[in-house]
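So the sequences go chain by chain: A and B. Each residue of the first sequence is one higher than the one before, starting from 1 at the first, in the UniProt record's numbering. Each residue of the second sequence is one higher than the one before, starting from 1 at the first, in the UniProt record's numbering.
There are 2 protein chains.
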Amino acid sequence: MPIYRAPVEDTLFLLNDVLGLERHTNLPGFADATPDMVEAILGEAARFAEEVLQPLNRVGDKVGCVRGADGTVTTPPGFRDAYETYAAAGWVGLSADPAFGGQGLPYTLAAAVSEFVSSANMAWGMYPGLTQGAIAALAAHGSDDLKALYLPKMVAGTWTGTMNLTEPHCGTDLGLLRTKAVPAEDGSFRITGTKIFISAGEHDMAENIVHLVLARIEGAPEGVKGISLFVVPKFLPDAAGAPGARNAVSCGALEEKMGIHGNATCVMNYDGATGWLIGEAHKGLRAMFTMMNEARLGVGVQGLAQGEVAYQNAAAYAKDRVQGRALTGPKAPDKAADPIIVHPDVRRTLLAIRAINEAGRALILHTALMSDVAHRAGDDKDRQAADDFLGLMTPVIKGFLTDKGFQGAVEAQQMFGGHGYVAEWGMEQFVRDARIAMIYEGANGIQGLDLVGRKLPANNGRAIQAFFREMAGFVAERKADPVLGPLVASLEKGVGDLQKATMWFMANALKNPDNAGAGSTDYLALVGHVVLGWMWVRMAETAERLVAAGDPRRDMLERKKITARFFMERLMPETGACLARISAGSEAIMALPAEAF
Amino acid sequence: MPIYRAPVEDTLFLLNDVLGLERHTNLPGFADATPDMVEAILGEAARFAEEVLQPLNRVGDKVGCVRGADGTVTTPPGFRDAYETYAAAGWVGLSADPAFGGQGLPYTLAAAVSEFVSSANMAWGMYPGLTQGAIAALAAHGSDDLKALYLPKMVAGTWTGTMNLTEPHCGTDLGLLRTKAVPAEDGSFRITGTKIFISAGEHDMAENIVHLVLARIEGAPEGVKGISLFVVPKFLPDAAGAPGARNAVSCGALEEKMGIHGNATCVMNYDGATGWLIGEAHKGLRAMFTMMNEARLGVGVQGLAQGEVAYQNAAAYAKDRVQGRALTGPKAPDKAADPIIVHPDVRRTLLAIRAINEAGRALILHTALMSDVAHRAGDDKDRQAADDFLGLMTPVIKGFLTDKGFQGAVEAQQMFGGHGYVAEWGMEQFVRDARIAMIYEGANGIQGLDLVGRKLPANNGRAIQAFFREMAGFVAERKADPVLGPLVASLEKGVGDLQKATMWFMANALKNPDNAGAGSTDYLALVGHVVLGWMWVRMAETAERLVAAGDPRRDMLERKKITARFFMERLMPETGACLARISAGSEAIMALPAEAF
Numbered sequence: 001m002p003i004y005r006a007p008v009e010d011t012l013f014l015l016n017d018v019l020g021l022e023r024h025t026n027l028p029g030f031a032d033a034t035p036d037m038v039e040a041i042l043g044e045a046a047r048f049a050e051e052v053l054q055p056l057n058r059v060g061d062k063v064g065c066v067r068g069a070d071g072t073v074t075t076p077p078g079f080r081d082a083y084e085t086y087a088a089a090g091w092v093g094l095s096a097d098p099a100f101g102g103q104g105l106p107y108t109l110a111a112a113v114s115e116f117v118s119s120a121n122m123a124w125g126m127y128p129g130l131t132q133g134a135i136a137a138l139a140a141h142g143s144d145d146l147k148a149l150y151l152p153k154m155v156a157g158t159w160t161g162t163m164n165l166t167e168p169h170c171g172t173d174l175g176l177l178r179t180k181a182v183p184a185e186d187g188s189f190r191i192t193g194t195k196i197f198i199s200a201g202e203h204d205m206a207e208n209i210v211h212l213v214l215a216r217i218e219g220a221p222e223g224v225k226g227i228s229l230f231v232v233p234k235f236l237p238d239a240a241g242a243p244g245a246r247n248a249v250s251c252g253a254l255e256e257k258m259g260i261h262g263n264a265t266c267v268m269n270y271d272g273a274t275g276w277l278i279g280e281a282h283k284g285l286r287a288m289f290t291m292m293n294e295a296r297l298g299v300g301v302q303g304l305a306q307g308e309v310a311y312q313n314a315a316a317y318a319k320d321r322v323q324g325r326a327l328t329g330p331k332a333p334d335k336a337a338d339p340i341i342v343h344p345d346v347r348r349t350l351l352a353i354r355a356i357n358e359a360g361r362a363l364i365l366h367t368a369l370m371s372d373v374a375h376r377a378g379d380d381k382d383r384q385a386a387d388d389f390l391g392l393m394t395p396v397i398k399g400f401l402t403d404k405g406f407q408g409a410v411e412a413q414q415m416f417g418g419h420g421y422v423a424e425w426g427m428e429q430f431v432r433d434a435r436i437a438m439i440y441e442g443a444n445g446i447q448g449l450d451l452v453g454r455k456l457p458a459n460n461g462r463a464i465q466a467f468f469r470e471m472a473g474f475v476a477e478r479k480a481d482p483v484l485g486p487l488v489a490s491l492e493k494g495v496g497d498l499q500k501a502t503m504w505f506m507a508n509a510l511k512n513p514d515n516a517g518a519g520s521t522d523y524l525a526l527v528g529h530v531v532l533g534w535m536w537v538r539m540a541e542t543a544e545r546l547v548a549a550g551d552p553r554r555d556m557l558e559r560k561k562i563t564a565r566f567f568m569e570r571l572m573p574e575t576g577a578c579l580a581r582i583s584a585g586s587e588a589i590m591a592l593p594a595e596a597f
Numbered sequence: 001m002p003i004y005r006a007p008v009e010d011t012l013f014l015l016n017d018v019l020g021l022e023r024h025t026n027l028p029g030f031a032d033a034t035p036d037m038v039e040a041i042l043g044e045a046a047r048f049a050e051e052v053l054q055p056l057n058r059v060g061d062k063v064g065c066v067r068g069a070d071g072t073v074t075t076p077p078g079f080r081d082a083y084e085t086y087a088a089a090g091w092v093g094l095s096a097d098p099a100f101g102g103q104g105l106p107y108t109l110a111a112a113v114s115e116f117v118s119s120a121n122m123a124w125g126m127y128p129g130l131t132q133g134a135i136a137a138l139a140a141h142g143s144d145d146l147k148a149l150y151l152p153k154m155v156a157g158t159w160t161g162t163m164n165l166t167e168p169h170c171g172t173d174l175g176l177l178r179t180k181a182v183p184a185e186d187g188s189f190r191i192t193g194t195k196i197f198i199s200a201g202e203h204d205m206a207e208n209i210v211h212l213v214l215a216r217i218e219g220a221p222e223g224v225k226g227i228s229l230f231v232v233p234k235f236l237p238d239a240a241g242a243p244g245a246r247n248a249v250s251c252g253a254l255e256e257k258m259g260i261h262g263n264a265t266c267v268m269n270y271d272g273a274t275g276w277l278i279g280e281a282h283k284g285l286r287a288m289f290t291m292m293n294e295a296r297l298g299v300g301v302q303g304l305a306q307g308e309v310a311y312q313n314a315a316a317y318a319k320d321r322v323q324g325r326a327l328t329g330p331k332a333p334d335k336a337a338d339p340i341i342v343h344p345d346v347r348r349t350l351l352a353i354r355a356i357n358e359a360g361r362a363l364i365l366h367t368a369l370m371s372d373v374a375h376r377a378g379d380d381k382d383r384q385a386a387d388d389f390l391g392l393m394t395p396v397i398k399g400f401l402t403d404k405g406f407q408g409a410v411e412a413q414q415m416f417g418g419h420g421y422v423a424e425w426g427m428e429q430f431v432r433d434a435r436i437a438m439i440y441e442g443a444n445g446i447q448g449l450d451l452v453g454r455k456l457p458a459n460n461g462r463a464i465q466a467f468f469r470e471m472a473g474f475v476a477e478r479k480a481d482p483v484l485g486p487l488v489a490s491l492e493k494g495v496g497d498l499q500k501a502t503m504w505f506m507a508n509a510l511k512n513p514d515n516a517g518a519g520s521t522d523y524l525a526l527v528g529h530v531v532l533g534w535m536w537v538r539m540a541e542t543a544e545r546l547v548a549a550g551d552p553r554r555d556m557l558e559r560k561k562i563t564a565r566f567f568m569e570r571l572m573p574e575t576g577a578c579l580a581r582i583s584a585g586s587e588a589i590m591a592l593p594a595e596a597f
């Protein structure tokens, strides 16, 4: 039976000591997030994740969701009760607008909580997770009437949300979508079409389900410029705002899939369903991207979360399993063999996962804080700078952290030998669940293209240039530090590789865009290594400072310093290989005719 | 529904043009392997794999093996008929000794055939695959009586074989094993104990199952020096050599696992079962290693095989799926979108899988040829040199090609977006099946230790030194070649990194063995990149020669040259990162106390 302990101490170290949450009390909602309050909230979330959600993870995988002949979907045993408890405790609206019943706390805090939930039970966490994205899109683009009708229910968790983009013939290329919207006389629309891969599309956990649906209004332009966003509830709200008549939307089938069996992945049929326009006609993609960007950060959290829970189990196993002897002689001579944690290759594997997880958590929380600044700060310049960083990091967090989360789950599974392949140990579920995070909300290849094709050139490279300036200052200030110096030197090398790669694109991608496409995935990985390296220097610096001040968390702080060194020695060298691959360009890649593949 | 076409043309190119099988007609059995014969055999194997085995792959996964209350195991529908056809056609004994009914053809050819089988249906292929390993161990170490009794049945495929090593508390560390063997008066033994993870341990495909079982004879020394190998048949052969009384061995349970559902992974209970000693008492590990080494090459083939079939499906999908437009403007303006093969990132992904697959196949066939030389050559020096190479490459083929095969399957799945996560497309099965190859027959971390701890220092480094001499000569002869020169320069850089890593171990691992353990996995990857790079230069050189001679396979040959360039530009840079990681040593890795993990 897998274990899970939410990393509360590590999260508090990041929020309080590294990121300094309390320095942002000028932002709305942050004054309420006192250190005591944050600790209490994280502790409560940890308890719920460990005691309620994690024990449901295996049954969720084994039993999965079941669709009845009438199109109803039953979630795994225990899922519904857990959701009711969660919603009743106000978790869904933790960072939502108090105007709609939310607690208005920092999104940063909600991101931390969502990691715990996702580690404990990724499939379950998707139900409230998608609701949060739908809340964000409605709040940003919905009319006051729509907001008043839907948001209080969704913020309370009484109603859940979904996003409906994909159709059988179109995923990445939404310009091809065919779902139709016909205006009705009362200002609503009749939506007709088939959507696939709709997570949480139908279930028994909430009294209503609010679908956000992309469709094309009759007569709209072709391509992405003719797409609109609609709200289509499962039950039409009656005059009192309570679930009324059944809408013409139903779950036609559940997908049989590799993992996240506890989440209902639905084919959704819209048969003239009643929907209402969100925002302007033909500008649905922009509105959906509000939801998508939120969701992409959430998927990055899922990558981290699976890497974390897989790590915890692998570390526990490595300390428990006795097999063979240390290369330097027996370490447990009283036993028949040594625990496998004595082996450098086992430690190397564990440290590699941990070095990604802890810096990934730092990057997510730092970026979530920038999201709070971007949405809540009073100063335009602060908001813009934070939004630039958020835009630049969104594909990196989604793409890099889900690649690494999956890799971490695979490596953790490997620690178990044959037992890792057997269902009862739970490790193979982490691998199967983690796999989807690389695919949905824009496959990771698309994240690379978003980074290189959109985020880099946007506003004449303003975001990446600001990042380089920040790195230059950061490095210059710490280079001569006797303790941090070696770490900073590695970071500087990584930043240099990233600058070279960026300049290579500037010199070669304009004349041939294939040179950007051929290097986009490696560029994303290169940025990923550099920003995690930056996080490690910040964590090591904080640890050094706290140790000097006599902080009682000495073991944890020393571990941070050693893991920082490990990251620089063992993971940072990848930036050189990324640069070499990027600089190779697209010639060999484009040389073959399509038939040769 | 997934597709599969056996790579007959590529295999013939390797056997005939690159490796020159016909230059080895001095070896027993090779004279029969004329080009026509080889082509006919590969064609027949391809047909069987494509038409019989591949259609059973999904049902094997979906239905799996079922254990009855009486301990019998039913294989998936169609598995048994396919096996009977396969055995009747003589495939099991393709390279086995004619003295026991085998065809005596090169093992090289059998390795090629096993790739086709494993691509088409990995779980099915394990039944005959394990039999071949058991044949090898019995042939090398069994008494004449045992060989006469068992080998003809096993070579004919009428009886299948298994290997029984693992117990609940011992996998890697066989010194801990507890299964007991008590001598009986008639010279046989009574075997008692529990073995786990026994592939093909019980099934309905053959009239008898021959278990090779590691056990400790009563009073034997502790540790690995007290382990003996026994043959324990499911049915005791009667006087006529036919299956007689049921032996006291039974399947206690089937493991519920991540993949290879079509293969029965059994808990085997030995309750005083009758067995006979193979080879000398207490020297069972050496005998088992004959089987294990054969099996490790076979597992490397599985890695390649899953990477190959996954590639084929991803390439077909990329040519078929239309979505978005090329970065350089529409390529299929008459369609709503371009096929995704126009995108550099899609091509990069496909080429990376292909560059590993084709060089992996070359390495496997080259190494299999060295295995034939090691076992069949008349000259002692030839045999020793071939055996040295075989020993050096066995962990690399097992470890590197299964890591890369899994990675290839994951990347191929990624091409499908959400469809890759859904069972009906078959891609997620390739990933789940490929995963086990990194684990069994010695987890890949163990392969790294075998390479660095055993194979490198053996005979004062004779094997690696011979390899470096071969590389030096190979590079020197081709460095100035105008066409091959750039490829050779990349290879030379890789060889240089490998030499530096080897010297680093010599300088640092003696004084602290943890420095070897901390770099073993990276060293294995480093060797893997170098030998695949070597194979690419050989393939490109052959392609160049054949194109110049007007060979009609021009498209294939040009593709080889481009893929060679891709490998050097995009995959070879990893050797520098491996060297950097190895040179970092073990300090940071060993610094933390076990509790800190």
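Each residue gets a CB set at the ideal place from its N, CA and C atoms; glycine is no exception.
Residue j beta carbon less than 8 Å from that of residue i
{"i": "Ala136(A)", "j": "Thr290(A)", "result": "yes"}
{"i": "Ala463(B)", "j": "Phe389(B)", "result": "yes"}
{"i": "Thr108(B)", "j": "Leu21(B)", "result": "yes"}
{"i": "Phe430(B)", "j": "Val309(B)", "result": "yes"}
{"i": "Gly303(A)", "j": "Leu532(A)", "result": "no"}
{"i": "Asn357(A)", "j": "Gly408(A)", "result": "yes"}
{"i": "Leu138(A)", "j": "Gly29(A)", "result": "no"}
Which of helix, strand or coil DSSP assigns to residue i
{"i": "Lys404(B)", "result": "helix"}
{"i": "Trp124(A)", "result": "helix"}
{"i": "Asp70(A)", "result": "coil"}
{"i": "residue 627(A)", "result": "Nothing about residue 627(A) can be read from this structure; chain A reaches only from 1 to 597."}
{"i": "Trp91(B)", "result": "coil"}
{"i": "Thr160(B)", "result": "strand"}
{"i": "Ile439(B)", "result": "coil"}
{"i": "Pro55(B)", "result": "helix"}
{"i": "Tyr4(B)", "result": "coil"}
Beta-ladder partner(s) of residue i, from DSSP
{"i": "Phe235(B)", "result": "Arg246(B)"}
{"i": "Lys180(B)", "result": "Thr192(B), Arg216(B)"}
{"i": "Lys283(A)", "result": "Ile227(A)"}
For residue i, the nearest candidate out of the options (CA to CA)
{"i": "Thr131(B)", "options": "Ser119(B), Lys62(B), Val231(B)", "result": "Val231(B)"}
{"i": "Arg23(A)", "options": "Ser583(A), Val531(A), Gly420(A), Met370(A)", "result": "Met370(A)"}
{"i": "Leu236(B)", "options": "Pro35(B), Ala245(B), Asn164(B)", "result": "Ala245(B)"}
{"i": "Ala584(A)", "options": "Ala509(A), Thr192(A), Ala549(A), Arg538(A)", "result": "Ala509(A)"}
**OP:** Determine, using beta-carbon pairs with one atom in the segment 146 to 165 of chain B and one in the segment 199 to 216 of chain B, whether at least three such pairs fall under 8 Å.
**Re:** yes
Original post:
Below 8 Å, can you find three or more Cβ-Cβ pairs linking the segment 247 to 262 of chain B to the segment 276 to 283 of chain B?
Top reply: no
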